[in-house]
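The structure under discussion appears below in the form of structure tokens.
Protein chains: 8
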Amino acid sequence: MDEPALRQLFDDVRAGVVTPDEAAARLRRLPFADLGFARVDHHRGLRQKVGEAVYAPGKSSEQCALIVRELLSEPGGGPVLLTRADPAQVAEATAMAVGGEVTATGSCATVVWRPAEVRPGRVVVVTAGTADLPVASECVAVLRAYGLHPDLLADCGVAGVHRLLASVDELAGADAVVVVAGMEGALASLVGGISPAPVVAVPVSSGYGAALEGVTALLAMHASCAAGLTVVGIDNGFGAACAVARILL
Amino acid sequence: MDEPALRQLFDDVRAGVVTPDEAAARLRRLPFADLGFARVDHHRGLRQKVGEAVYAPGKSSEQCALIVRELLSEPGGGPVLLTRADPAQVAEATAMAVGGEVTATGSCATVVWRPAEVRPGRVVVVTAGTADLPVASECVAVLRAYGLHPDLLADCGVAGVHRLLASVDELAGADAVVVVAGMEGALASLVGGISPAPVVAVPVSSGYGAALEGVTALLAMHASCAAGLTVVGIDNGFGAACAVARILL
Amino acid sequence: MDEPALRQLFDDVRAGVVTPDEAAARLRRLPFADLGFARVDHHRGLRQKVGEAVYAPGKSSEQCALIVRELLSEPGGGPVLLTRADPAQVAEATAMAVGGEVTATGSCATVVWRPAEVRPGRVVVVTAGTADLPVASECVAVLRAYGLHPDLLADCGVAGVHRLLASVDELAGADAVVVVAGMEGALASLVGGISPAPVVAVPVSSGYGAALEGVTALLAMHASCAAGLTVVGIDNGFGAACAVARILL
Amino acid sequence: MDEPALRQLFDDVRAGVVTPDEAAARLRRLPFADLGFARVDHHRGLRQKVGEAVYAPGKSSEQCALIVRELLSEPGGGPVLLTRADPAQVAEATAMAVGGEVTATGSCATVVWRPAEVRPGRVVVVTAGTADLPVASECVAVLRAYGLHPDLLADCGVAGVHRLLASVDELAGADAVVVVAGMEGALASLVGGISPAPVVAVPVSSGYGAALEGVTALLAMHASCAAGLTVVGIDNGFGAACAVARILL
Amino acid sequence: MDEPALRQLFDDVRAGVVTPDEAAARLRRLPFADLGFARVDHHRGLRQKVGEAVYAPGKSSEQCALIVRELLSEPGGGPVLLTRADPAQVAEATAMAVGGEVTATGSCATVVWRPAEVRPGRVVVVTAGTADLPVASECVAVLRAYGLHPDLLADCGVAGVHRLLASVDELAGADAVVVVAGMEGALASLVGGISPAPVVAVPVSSGYGAALEGVTALLAMHASCAAGLTVVGIDNGFGAACAVARILL
Amino acid sequence: MDEPALRQLFDDVRAGVVTPDEAAARLRRLPFADLGFARVDHHRGLRQKVGEAVYAPGKSSEQCALIVRELLSEPGGGPVLLTRADPAQVAEATAMAVGGEVTATGSCATVVWRPAEVRPGRVVVVTAGTADLPVASECVAVLRAYGLHPDLLADCGVAGVHRLLASVDELAGADAVVVVAGMEGALASLVGGISPAPVVAVPVSSGYGAALEGVTALLAMHASCAAGLTVVGIDNGFGAACAVARILL
Amino acid sequence: MDEPALRQLFDDVRAGVVTPDEAAARLRRLPFADLGFARVDHHRGLRQKVGEAVYAPGKSSEQCALIVRELLSEPGGGPVLLTRADPAQVAEATAMAVGGEVTATGSCATVVWRPAEVRPGRVVVVTAGTADLPVASECVAVLRAYGLHPDLLADCGVAGVHRLLASVDELAGADAVVVVAGMEGALASLVGGISPAPVVAVPVSSGYGAALEGVTALLAMHASCAAGLTVVGIDNGFGAACAVARILL
Amino acid sequence: MDEPALRQLFDDVRAGVVTPDEAAARLRRLPFADLGFARVDHHRGLRQKVGEAVYAPGKSSEQCALIVRELLSEPGGGPVLLTRADPAQVAEATAMAVGGEVTATGSCATVVWRPAEVRPGRVVVVTAGTADLPVASECVAVLRAYGLHPDLLADCGVAGVHRLLASVDELAGADAVVVVAGMEGALASLVGGISPAPVVAVPVSSGYGAALEGVTALLAMHASCAAGLTVVGIDNGFGAACAVARILL
């Protein structure tokens, strides 16, 4: 229920079309569809720019598919996403709701329905190593769903800093940069020092031992000496894409 | 051995029916049945309101079944529960002790024998997301065993706060509320601010990366700014139900 | 703004006393007083049973005093509390708002204005050791502010379990029990096994080394084998009292 | 050394003004002033939009003052900041470099020289409690140095969610929002669900016990269910301001 | 109340000297003296071999002194100890209860009243470095209170392993060994490999950085490859002495 | 090389049977057999009372079998143990070295060759729950290998404290007690308060969530208020048995 | 692009062979081959002495093979390594690039192409137990790739310190020592006290419970009382070998 | 007792000058001086290259002075160091043992007696920020004590990577590099990628919040993608210097 609808309600009360008691009851209700196991939020796109994305883990294949179908039922709506889906969830969702585009992201997949038109905006997604590619792929798939088509620079870790410096112009001229890095996450500090753009860092759970499944990279990115770096959760390529969407959309 | 039995013992001593030495020995013994691998506590219901529940992990199927049978052997006893049971444990227990009602709770199950009569008491179980449903299901099954039939509000996470506000009357009027939430657990703080009822929060191990398998939610619920919130252990839907039973029974 | 006020607003709209636009604006505003540095919540008592308590740390003495005065300005309101106040904060608050009753709680203090009438309700606060008394004192002071006058059982730690068993009747007959324990926190499990009442456990940061400033007790209480135990934050005697108030008020 | 300067160097080599060996040596040197104890970076503003800020802790008062003076020595430069300075550092720096504007931020201070002109851009800084104000103040002081004049909404914690909802229009219409919150940090999730703007969350080390000096809030913000939230380090109001500057400048 | 007293109670009941109701009430009471703020346990020596020791931190000087006096009031009792006492606590306790012997243990002190007679038993207390001496001193003072007079071998850390090997006979022939070591705690593994005696390891919070205030030593001692090593809490020289008393008394 | 052998060496030097250079070389060598992948220690029994036990994880089945065979090759030696062996390791070791007695301990097994004669000594192994039995079984098997035949008291957790009190005489009269407990580990504190014997506590990794795979129990046991409790590593039933052997052998 | 190439570029600019704009572009490019998913660094050997090693986890078999082939395509290059490869990765890489020598290292393998000539240098790799051998094997394989042929001393843990002392001459005379140890890692301290050579310690994730998957050993090695010990990451046999190569090559 | 002395002992036995029993006793004794509170190791320089350094914290001023005097009493000995000394310790040690050179290192000091002659060896100590200088100063003072006179490059953090690249020749040509860095410690990875020399990284406890008092830098350095980096303990400038001494002396 947006601002105009709110004013309409009061007009209806004044006009006697709606009783005050009915209005009071309705005011507490914002629009969502209750499927019993889920309360599907049709207006998230209005409130957060990015539409509702269905996070697959912990949901049955049928639940995934039903929520996607519900979201697609609203005519004229924006992109709909299913993230971290396993093959069974992908199969059932794409069967029940045709037209989904599937991107493999490591051992799971991202599915996109009704992708947005291509928008302007120079976004760069840069990874420290090849092992960071699945998280970067999720980020790229979500950005594309929202109409942003990023460049992907893979394997620019600081152990060979010239590999990053080779792309210094691209980084300096970007509207937003996403840095995807596991192990010690030092690439984020370096990019933050090179580029004036908003930099969103994604710690990755790759690496072993002292990498502590991404916690080391997360802490290091937060302790970074590069001013104005921001961080999203471990392996959260989806979140990084949404952060960029909040900035550029 | 309760208060009247204790007085009877002393009467018997005075009457010469029991010798002082026998009485001294008996006084150290409260009632339980020793199965060798388990000391089955027949009076837990008297001491804690909630009867003995058999926690299945780490026990063989046969051990589970034997303990359940022992508990059911006491005539006139209250509800008997088997929690976190795998399919083999469920099969053997329900074969040896008929009449058990099975509720699936994620990858395991809760079984209830001799459920209590329905009691009054408005209990609301609210979850942040669909992935929290297995823990909520365990909580609901245990509450029903004790005669409390809660309402379940699924998928009310704070990212779309209007979904929670839609149920504000139900929360405000409850006698007790259980909040089941993983990830950052913020739903507990919000419910604590809306409802004057006792609020029991259950951190859930769903989520990934920085959710640290429920530790983040547990810490966040404890650091909550909502006064008087209480917390049970990670994924402990059973414990939350027992806490409500202590309050309402 | 409660339910009747909401209906009145709609009546006013229908009667033309309030325009729809004005009503829409007002509906988003629930009652609080904005002091610039604080938004004082006059209706918290209605929503949470326990009135707004001012948490002193991080606030200047003047800020504490001004918020207390603002809360007391509402005629007919309930108890007002200032918690964890240092001597300067206590001095300024009790000077600006007369009638506050001060209870020392370790190195800081709890101040109560307008305490509630004495209510029925048998509450027991039990501590493991003498070092837990400051936290227990805060809990007792807050309970008394809400009209509950608990019994305090000090120094009942499990190293001499008979000291606890001596009070078994009092624990078994309570309406609610608060267990305040540092070090390993085992007292909570034991009380949970003895009493059928709601048991709220408060981990305390006393102890040294492996006690990890209360984290060990907090974890141990959550891993407790006693069913239905609930836990509040470390040293949070205030929170435990509020939890009891939610149960008994 | 920027792009045009680089081309000039090659022209000079071709013209014989500079020998190839001299050019090779010069190419490795980007501009900074070496004070012995510090390498002052005069071109950081070009690379990162935000000029070099001097982080005071661990530096002597004289070192702080000398670095500030060096930074101000570049004519036509942008804002210069001294952050987290203690009174002695503030005194020596403002004596050696006149014109600094001092903002108290808790027990330390932020000093700004040559603040930028006021720019357009609706920035909102919102705090969960009064105890979060020192961190918010640092953020506001730094934003103002860069020409952004944010609105500050204090004390909007989720325990009284209506206090936040009262400012929903302001949040929904912002170009960027900074959420400053300690304890469980739930306010960030809530704001992320209400506002479509970029949201930068700052965990604060206020709170006690299970708040773990800000680690709980940091983890909770990263595990947030609100998509596209980004996070900076604990108590890092400076970093949040720089992140906003990267977005809006 | 020991076994004979229990039988006497039943004889009294049979003889009509005590009514059954009185006996039931008395049976729940084991002997302790309730000082209000403490329940002083007069029979701990019988149950645990080591008498009640008063842990000073968190208690007022007066509380310390009163508990000590109460413990000394029992004629024929064993040793009484006050541990971790600050100068004010020492002063008040030794004034109210004369005859206490004070041992400095770092920044605090151990006071012993009524030390036991010297007993046989070869106990060795070995430290890794000079910085471990305060913890070792507490251990030695407590052992002497119980009549055990240990040899103290200081500064035998593994960086110069020959310093330890010089005492190999003494270690091999001991009845019990206490190893006091901070930093990485490797000395415990080494002693465990050399001596067949019971070895009690005490991790010490000395060291800095990665020593994590004793947590590293505690973990390392638990992960030790030397079979049969046991560990007490960080800095817990008192606990190690009690463990030896349990073995040798 | 023990004391007499050392004197013999010097006699041989004086007699000219051994040259000084040969003696210097030999002195650095204590007896072990080098298998290439392992240095088998034939004199550990002399130094530590408990013979060398082969820890199976990380070794191939053949390596396990070869080390066991080497240890058994010394005539007149003491018990030989293989711990934490998987079925393949058990099979190869018992085939190559006949006479091994296999005890199942959860998902792995303990094998004992040449068990010692039965010795006197009352040892009690007490567990909190049925899920702690695998760890207790390892402890019992190792104790029996050394000739100690303990009583096993299963399922005495503090949630029903009377189950423990029923065995109070047995605990009070023991020469050593091993407490095996997961979850919050409170049983150790309770036993420590009841029994004057040496108490060795074994934290168990059973439980879930806040039990943190045994870390909670380990910390809680170290923070215990029961004086003189000692602790071994998580799930280390073997280590507890060796600690008892150091005390009683 | 090394120093002479840089001078050549300037000569070419002066000679007019290269335009300044072309030179400016080229200067930002150091040599690597971009395969799309990887930026293969051909000059790492020049910068770090040790050539580029391909870390297999997270890469597809084809990606591993293509990177190895690219690295081998440079004529006259040094050793090429593939580390932590699973059987499929080994198979595809050795098929596409013949001549690779495979060393099993636990559940994965190290493959070496174009090993260096044997160099002088006495390196000792010492392990605490048999379970540390896989990590030690990786270290040995990498050292051999660089021409260093170490001696391997297995199973020298401190529980039988004479096993280490037997090799004291070898350790004292080494040019570099690598200590590979899990559990409590005490072997590193001991070796550091015996040998004057550079000592590189590798914590190993073997052990269980309190070993915390190598974190305990890592912390203990860092808290070591042996001066000048250095540490690499958990299980990082490759890193230890590279550290030795930096010292001796 | 070195090798020749050992042979002399055997000659003396053969010659009858020393009895076998006396020799056996002496063989267990390597040379150290027992001051009661410390076992001063006169031969550490022979075994570890670096002489015994006295770590001041936890020692009284008198103990520091006495140990230093004892170490200096050996004629012809090497450098003697007192590290982390507070002003009182410095005063007493330099009074009792004249000729000590004092270097301030943050809030404490390093004192050196009998520094070694200047040796060849290009060592570079590089710090990320000015706040890392105290740790770097300790490292430099210890290196100079051993005759190594390093170059110090301060304030080369990666936020302005050109500041580091300006010193690339010096780093590439060094014989050993020490990197001193707090916050996220990324400088170590970068230096490791640029220089082929042995690189010893020192994590520093500067920084705040997510820097976790140096733990973040320590973990990040261990998770570094730069091969062959080694790490010493947090703030351990002394250890880094000793590691370099092991390499270059």
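Residue numbers (this note's numbering), protein chains in the order written: chain L, 8 to 256; chain Z, 8 to 256; chain R, 8 to 256; chain S, 8 to 256; chain X, 8 to 256; chain V, 8 to 256; chain G, 8 to 256; chain U, 8 to 256. Don't be surprised by glycine CBs; every beta carbon is placed ideally from N, CA and C.
task = Would you check if there are 3 or more beta carbon pairs closer than 8 Å linking the region 126-136 of chain V to the region 190-206 of chain V?
result = yes
message = Looking at the secondary structure, which residues open and close the alpha helix (DSSP H) in which S:R151 lies?
response = Here the question's residue 151 of chain S lines up with position 144 in the fourth sequence. Segment L140 to A152, the alpha helix (DSSP H) holding S:R151.
request  = Within the same chain, show all residues whose beta-carbon is closer than 8 Å to that of V:A181, passing over the 5 residues directly before and after it, in chain order.
outcome  = Along the sixth sequence, one-based indexing puts residue 181 of chain V at 174. Cβ within range, chain order: R129, V130, V131, S202 and A204.
Check: S:E177 C-beta below 7 Å from any heavy atom of the ligand HEM = The ligand HEM is absent from the structure shown, which contains no ligands of any kind.
ask   = Is there at least one Cβ from chain Z nearer than 8 Å to S:H229's Cβ?
value = The residue you call residue 229 of chain S lines up with position 222 of the fourth sequence. Chain Z contact via Cβ: present.
message = Tell me the rounded alpha-carbon separation between R:S80 and S:V142.
response = To locate residue 80 of chain R, count along the third sequence from 1; it is residue 73. To locate residue 142 of chain S, count along the fourth sequence from 1; it is residue 135. Distance between the alpha carbons of R:S80 and S:V142: 30 Å.
ask   = For R:L140, which of R:V57, R:E124, R:A233 and R:S114 has the nearest alpha-carbon?
value = Numbered from 1 along the third sequence, position 133 holds the residue referred to as residue 140 of chain R. It is R:S114 whose Cα lies nearest to the Cα of R:L140.
ask   = So what does DSSP say about X:L26, is it helix, strand or coil?
value = Your numbering for residue 26 of chain X matches position 19 in the fifth sequence. A small fix is needed here, since residue 26 of chain X is Thr in this sequence, not Leu. Residue state, collapsed to three classes: coil.
Through-space distance from L:D242 to G:V78, alpha-carbon basis = Indexing the seventh sequence from 1 puts residue 78 of chain G at position 71. Indexing the first sequence from 1 puts residue 242 of chain L at position 235. The sequence shown places Leu at residue 78 of chain G, rather than the Val named in the question. Going by the C-alpha atoms only, they are around 30 Å apart.
query = Exposed or buried, which one is V:A4 when buried takes at least 16 other CB atoms within 10 Å?
reply = Examination of residue 4 of chain V is not possible in this model, given that chain V is present from 8 through 256 alone.
Proximal residues, the region 199-222 of chain G versus chain L, C-beta separation under 9 Å = P210, S212, E220, G221 and V222
inquiry  = If I measure Cβ to Cβ from G:L159 and keep anything under 7 Å in the same chain, skipping five residues before and after, which residues do I get?
reply    = Along the seventh sequence, one-based indexing puts residue 159 of chain G at 152. Only V132, A143 and V147 meet the Cβ criterion.
inquiry  = With a threshold of 8 Å, are at least 3 pairs of Cβ atoms found where one atom belongs to the region 92-108 of chain Z and the other to the region 55-69 of chain Z?
reply    = yes
message = Whether or not the region 208-221 of chain R and the region 232-242 of chain R are in contact is what I'm after, with contact meaning three or more pairs of Cβ atoms, one per stretch, closer than 8 Å; do they touch?
response = yes
message = With the cut-off set at 8 Å, would you say U:G221 and S:G221 are in Cβ contact?
response = Mapped onto the eighth sequence, residue 221 of chain U falls at position 214. Mapped onto the fourth sequence, residue 221 of chain S falls at position 214. No, the Cβ-Cβ distance between U:G221 and S:G221 is not below 8 Å.
request  = Look at the alpha carbon of Z:A138 and the alpha carbon of Z:G200, and state the distance between them as a whole number of angstroms.
outcome  = By 1-based counting over the second sequence, the position of residue 138 of chain Z is 131. By 1-based counting over the second sequence, the position of residue 200 of chain Z is 193. If you take the alpha carbons of Z:A138 and Z:G200, they lie about 24 Å apart.
ask   = Are the C-beta atoms of L:R36 and some chain S residue less than 8 Å apart?
value = Here residue 36 of chain L refers to the residue found at position 29 of the first sequence. The predicted position of L:R36 is uncertain, since its pLDDT is 42 and thus under 50; a value taken from the coordinates is nonetheless stated next. L:R36 does not count as touching chain S.
Beta carbon proximity, U:P141 to chain X, threshold 8 Å = As a working mapping, residue 141 of chain U is identified with position 134 in the eighth sequence. No - not a single Cβ of chain X is within 8 Å of the one on U:P141.
message = If I measure Cβ to Cβ from U:A92 and keep anything under 8 Å in the same chain, skipping five residues before and after, which residues do I get?
response = Along the eighth sequence, one-based indexing puts residue 92 of chain U at 85. These residues qualify, in order along the chain: A63, C71, A100, C115, A116, T117 and V118.
ask   = Along chain V, which residues have their Cβ under 8 Å away from the Cβ of Z:I241?
value = Along the second sequence, read from residue 1 onward, the residue named residue 241 of chain Z stands at position 234. Here the neighbours are Y215, G216 and A217.
query = I think X:R126 touches X:G84, with their Cβ atoms under 8 Å apart; what is that distance to the nearest whole Å?
reply = The residue you call residue 126 of chain X lines up with position 119 of the fifth sequence. The residue you call residue 84 of chain X lines up with position 77 of the fifth sequence. That pair is no contact at about 17 Å.
message = My assumption, with CB atoms under 8 Å, is that G:M190 sits in contact with X:C232. Please give the rounded CB distance.
response = Taking the first residue of the seventh sequence as 1, we reach residue 190 of chain G at position 183. Taking the first residue of the fifth sequence as 1, we reach residue 232 of chain X at position 225. The Cβ separation is near 5 Å, so the contact holds.
key: Close beta carbons around X:T112, own chain, < 6 Å, minus the five adjacent residues each side   = Working through the fifth sequence from its first residue, we reach residue 112 of chain X at position 105. Hits under 6 Å: P141, S144 and E145.
task = Starting from G:R121, trace the alpha helix (DSSP H) both ways and give me its first and last residue.
result = Taking the first residue of the seventh sequence as 1, we reach residue 121 of chain G at position 114. Here G:R121 belongs to no alpha helix (DSSP H), and DSSP marks it neither H nor E.
query = In angstroms, rounded to a whole number, what distance separates the CA positions of G:R253 and G:V57?
reply = The residue labelled residue 253 of chain G in the question sits at position 246 within the seventh sequence. The residue labelled residue 57 of chain G in the question sits at position 50 within the seventh sequence. Cα to Cα, the separation comes out at about 8 Å.
ask   = S:R170 CB to nearest chain R CB: under 8 Å?
value = Locating residue 170 of chain S in the fourth sequence gives position 163, where the first residue counts as 1. It does: the Cβ of S:R170 has a partner Cβ on chain R nearer than 8 Å.
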